[in-house]
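All remarks here apply to the structure that follows.
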Amino acid sequence: MKKRYSLCLLALFALLSVALAGCGDDEENTSTTTTSAITLNIKFNAKAYDGQLYYWNQDQQMVVNVSRDPEASGPGTSITRVEYYLDDAGIGSSETSPFALGYALSDVATGRHTLRLRVFWQDNGTARQPVERTYAVQVDAPGTPGPDEPTMRTNIQTNAPDPDQPNVWPQDQTMEVTVTDESTPPMPIKRVAFYFDGQLVGTALEAPFRLRYPLAATSTGQHQLTLRYYRDFNGQELEGVHTIAVFVAEPAS
Numbered sequence: 681m682k683k684r685y686s687l688c689l690l691a692l693f694a695l696l697s698v699a700l701a702g703c704g705d706d707e708e709n710t711s712t713t714t715t716s717a718i719t720l721n722i723k724f725n726a727k728a729y730d731g732q733l734y735y736w737n738q739d740q741q742m743v744v745n746v747s748r749d750p751e752a753s754g755p756g757t758s759i760t761r762v763e764y765y766l767d768d769a770g771i772g773s774s775e776t777s778p779f780a781l782g783y784a785l786s787d788v789a790t791g792r793h794t795l796r797l798r799v800f801w802q803d804n805g806t807a808r809q810p811v812e813r814t815y816a817v818q819v820d821a822p823g824t825p826g827p828d829e830p831t832m833r834t835n836i837q838t839n840a841p842d843p844d845q846p847n848v849w850p851q852d853q854t855m856e857v858t859v860t861d862e863s864t865p866p867m868p869i870k871r872v873a874f875y876f877d878g879q880l881v882g883t884a885l886e887a888p889f890r891l892r893y894p895l896a897a898t899s900t901g902q903h904q905l906t907l908r909y910y911r912d913f914n915g916q917e918l919e920g921v922h923t924i925a926v927f928v929a930e931p932a933s
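In our numbering, the protein residues as written are 681 to 933.
What follows is the structure, encoded as structure tokens:
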């Protein structure tokens with residue numbers, strides 16, 4: 681009887697590149713985002729995981745600072761105004777550097793929210809299309825500690841027959857791979873697309889998100905299985921990618 685073996689993965693999404701930092705008014709996370717002519721440095725006084733989810737408590741103040749990166753931006757570019765929205769409701773704006781927001785969260789309901797920044801800028805005196813950036817926010821009750829490990833987590837199980845070689849299948853077997861969400865709090869997966877050597881070989885639209893792929897027509901040797909899974913988070917679609925090196929062996933005699 682075939683056994684399943686788990687390959688646990690911390691799914692790192694690429695919406696932002698953010699360094700981990702602790703909660704507190706004196707600690708910041710920095711996100712760097714680039715357009716064709718201006719690079720923005722966006723700093724938060726919050727704990728963030730996977731560049732996706734920022735944590736504040738209701739007894740804290742959300743502090744955000746936006747600035748232009750002088751080394752990576754065009755020489756004639758400058759920020760003129762930043763508008764801040766929480767769940768599409770305007771909560772502040774700034775027209776002077778450091779274009780900061782300080783927003784008390786005491787009246788904000790606990791749970792998931794969306795923070796949106798609209799950055800107005802110019803290039804040598806000419807106004808350009810505003811840049812928008814969106815961030816996921818978790819507001820917790822006063823005194824709630826932030827989680828100690830990344831929130832986004834995906835579990836990948838396979839039916840590879842040998843526990844010491846979890847990515848090896850004989851050519852006469854069917855490869856089975858199952859993807860499940862183990863995030864805390866849950867961030868449901870909407871669909872998973874499976875690619876074998878770059879070719880789409882299956883799409884799962886509901887749980888269990890599973891691929892069954894017969895290997896009889898596959899050559900022996902090294903191959904690559906890529907999983908692209910999509911989560912629904914606060915009305916946004918977040919994408920995660922995981923690649924498995926697959927080895928197809930000769931059938932057992």
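Positions of the beta carbon are idealized from the N, C-alpha and C atoms, including for glycine.
Practice prompt. Tell me where the beta strand (DSSP E) around V872 begins and ends.
Written response: Residue numbering aside, residue 872 sits at position 192 when the sequence shown is read from its first letter. Where V872 is concerned, the enclosing beta strand (DSSP E) stretches over 869-876.
Worksheet item: Counting along the chain, where does the beta strand (DSSP E) carrying F779 start and finish?
Response: Residue numbering aside, residue 779 sits at position 99 when the sequence shown is read from its first letter. No beta strand (DSSP E) holds F779; DSSP gives it neither H nor E.
Practice prompt. Quick one: grab the DSSP three-state call for T854.
Written response: Position 174 of the sequence shown, counting from 1, holds the residue named residue 854. It is a strand residue.
Worksheet item: Contact between the stretch 845-865 and the stretch 754-766: three or more CB pairs below 8 Å?
Response: no
Fill in: Candidates E856, P850, S899, P822: closest to S786 by CA position
Position 106 of the sequence shown, counting from 1, holds the residue named residue 786. Measuring from the Cα of S786, the nearest candidate turns out to be P822.
Discussion item. I need the boundaries of the beta strand (DSSP E) containing I836, first residue and last residue.
Written reply: Within the sequence shown, the letter at position 156 stands for residue 836. 834-838 is the extent of the beta strand (DSSP E) around I836.
Worksheet entry | Spatial neighbours of A898 in its chain, beta-carbon cut-off 7 Å, leaving aside the 5 residues before and after | Mapped onto the sequence shown, residue 898 falls at position 218. Reading the sequence as shown, one finds Thr at residue 898 and not Ala. Taken in chain order, the residues that qualify are Q851, V928.
Item to complete: Can you give me the Cβ contacts of S753 inside the same chain, cut-off strictly under 8 Å, excluding the 5 residues immediately before and after it?
Response: Looking up residue 753 in the sequence shown gives position 73. Correct list, in chain order: A717, I718, T719.
Discussion item. Quick test of your reading: M867 and L895, contact by CB under 8 Å. State the CB separation rounded to the nearest angstrom.
Written reply: Translated into positions along the sequence shown, residue 867 becomes position 187. Translated into positions along the sequence shown, residue 895 becomes position 215. That pair is no contact at about 32 Å.
Practice prompt. Indicate whether the contact test is met: 3 or more Cβ pairs, each with one atom in the stretch 735-745 and one in the stretch 776-792, closer than 8 Å.
Written response: yes
Worksheet item: Quick one: what does DSSP say G702 is sitting in, helix, strand or coil?
Response: Within the sequence shown, the letter at position 22 stands for residue 702. Confidence in G702 is poor, its pLDDT being 32 and thus under 50, which makes the residue's placement unreliable; the coordinate value appears in the next sentence. The answer is coil: DSSP assigns G702 none of H, G, I, E or B.
Item to complete: Find out if the Cβ-Cβ distance for the pair L907, V872 is shorter than 8 Å.
Response: Numbered from its first residue, the sequence shown carries residue 907 at position 227. Numbered from its first residue, the sequence shown carries residue 872 at position 192. Yes, the pair counts as a contact, with Cβ atoms nearer than the cut-off.
Worksheet item: Hey, out of P825, V819, D749, whose CA is closest to S777's CA?
Response: In the sequence shown, the residue the question calls residue 777 occupies position 97. The candidate whose alpha carbon is nearest that of S777 is D749.
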